[in-house]
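Q:
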Amino acid sequence: MTTQSCHALLLPSEDETSECLRPLDAQVDADRALQVSSDFVGIESEGRVPLELYDLIKQRASKMKADTLALAEFEDGRTAMFGHWPFDDYDEEEYA
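In terms of the numbering used here, the sequence shown is numbered consecutively and its last residue is 90.
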């Protein structure tokens, strides 16, 4: 007597697939929003700005930060944004 084994391919449901892709979709949206903001403010790749435009770009970034903080609905959200604003100056030595 021979036995045959049957290997069924188990595929995730559409809901499971959507659930797994949700974080990726959120990251793509966040990356796109950061790029739009960087372009608006005038920040080049890797956070660089042309020296002759530094003061203007700093003003734009400060205004965007103030406007964004004003829109925050909750104090803890405002605090988180204030502490992690992507366009603030930072010490490159900390990240080396």
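Glycine is no exception: its CB is placed at the ideal position from the N, C-alpha and C atoms. The model shown is predicted, which means the values in this text are computed figures rather than measured ones.
Helix, strand or coil, according to DSSP, for E34 in the structure here?
A: Strictly speaking, residue 34 in this sequence is Phe, with Glu absent from that position. F34 falls in the helix class under three-state DSSP.
Q: Does the segment 50 to 68 come into contact with the segment 11 to 27, if we say contact requires no fewer than three beta-carbon pairs (one atom in each stretch) closer than 8 Å?
A: Verdict: no, contact absent.
Q: The alpha helix (DSSP H) spanning R72 covers which residue range?
A: Run containing R72: E69 to G77, per the alpha helix (DSSP H) assignment.
Q: Buried or exposed for V35, going by 16 or more other Cβ atoms inside 10 Å?
A: Classification of V35: buried, given that the 10 Å Cβ count is 16 or more.
Q: How is S7 classed by DSSP in three states: helix, strand or coil?
A: In this structure, S7 counts as coil in the three-state DSSP scheme.
Q: Rounded to whole angstroms, what's the CA-CA distance from K52 to R72? Just pull it up for me.
A: Rounded to the nearest angstrom, the two C-alpha atoms are 20 Å apart.
Q: Determine, using beta carbons only, whether P80 and L47 come nearer to each other than 8 Å.
A: No, these two residues do not count as a Cβ contact at 8 Å.
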